[in-house]
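Under the UniProt record's numbering, the first residue of the sequence shown carries the number 1, and numbering increases by one thereafter.
We treat Cβ as the ideally placed atom computed from N, Cα and C, and that holds for glycine.
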Amino acid sequence: MLYLDDSHIRRMDIKWWELIHTIEKVAYSLETLEYAQPLKPYLRFGDSKNRIIAMPAYVGNDIHAAGIKWIASFPDNIKNGIKRAHSITILNDPDTGEPLTVMNTPDVSIIRTAAVTGTMLKHYLLVRELQNVTVGIIGLGPVGEAHYKLIRDMIGHTVERVLAYDLMEERLNGFIVTT
Numbered sequence: 001m002l003y004l005d006d007s008h009i010r011r012m013d014i015k016w017w018e019l020i021h022t023i024e025k026v027a028y029s030l031e032t033l034e035y036a037q038p039l040k041p042y043l044r045f046g047d048s049k050n051r052i053i054a055m056p057a058y059v060g061n062d063i064h065a066a067g068i069k070w071i072a073s074f075p076d077n078i079k080n081g082i083k084r085a086h087s088i089t090i091l092n093d094p095d096t097g098e099p100l101t102v103m104n105t106p107d108v109s110i111i112r113t114a115a116v117t118g119t120m121l122k123h124y125l126l127v128r129e130l131q132n133v134t135v136g137i138i139g140l141g142p143v144g145e146a147h148y149k150l151i152r153d154m155i156g157h158t159v160e161r162v163l164a165y166d167l168m169e170e171r172l173n174g175f176i177v178t179t
């Protein structure tokens, strides 16, 4: 069985166009009904803002993968210098049920979220040519940072201005625009 922790994920070279292609294949599986995704149960206790969610799924066609993500979201963690979200994903062989991979996946979820935006951007670019673009980013946490990297890598040559907002002033002060 393969185990991947945060350090493995962070060393990966993010190839946005490959991720976008994978998102499109998953969307095709949804279109062809080659998937299983039961309702996700929410585990809530203590502070009502906090939750832990089990997210099982199967994707068919040429992806042919099954697994479950166990994700905890505790928004007040940020005040204590702890990540808001923590998750682990287990991938199983869909033919035998054998566990294949266990991954620490908060960074994977962040990258996937940005890749979905990239998929929408790709299809927008099929009908529109961009020039002198102003990009707005609301929230400069990990998801906002990933979106900025996606924009920079996909259409950075067309970006003229980046406008950013975050409730946490220190994030704004640390935000550096690069092309």
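Host beta strand (DSSP E) of Arg10 (start-end): Premise fails: Arg10 lies in the alpha helix (DSSP H), Asp6 to Arg11, not in any beta strand (DSSP E).
Quick one: what's Ser87 bridged to in DSSP? Ile71
With respect to the beta strand (DSSP E) encompassing Met55, which residues constitute its N-terminal and C-terminal limits? Arg51 to Val59
With a Cβ-Cβ cutoff of 8 Å, do Ile176 and Ala146 count as a contact? no
For my contact list, Ile14 and Thr119 are in at a C-beta cut-off of 8 Å; report their separation, rounded to the angstrom. Not quite, the Cβ-Cβ distance comes to about 14 Å (not below 8 Å), so this is no contact.
8 Å Cβ cutoff met for Thr89 and Met103: yes
So what does Val135 bridge to, in DSSP terms? Val162
Would you say Ile78 and Ile53 are within 8 Å of each other, going by their C-beta atoms? no
Name the DSSP beta bridge partners of Val102, please? Tyr3 and Ile90
For a test of the three-state rule: what should DSSP assign to Leu43, helix, strand or coil? strand
Report the residue from Val26, Gln131 and Gly174 whose alpha carbon sits nearest the alpha carbon of Gly156. Residue nearest to Gly156 within the set Val26, Gln131 and Gly174 is Gln131 (criterion: CA-CA distance).
Does the pairing of the region 43 to 57 with the region 148 to 155 give three or more beta-carbon distances under 8 Å? Fewer than three pairs of CB atoms, one per stretch, sit closer than 8 Å, so the region 43 to 57 makes no contact with the region 148 to 155.
State whether the region 27 to 41 contacts the region 59 to 68, with contact taken as three or more CB pairs (one from each stretch) at a distance under 8 Å. yes
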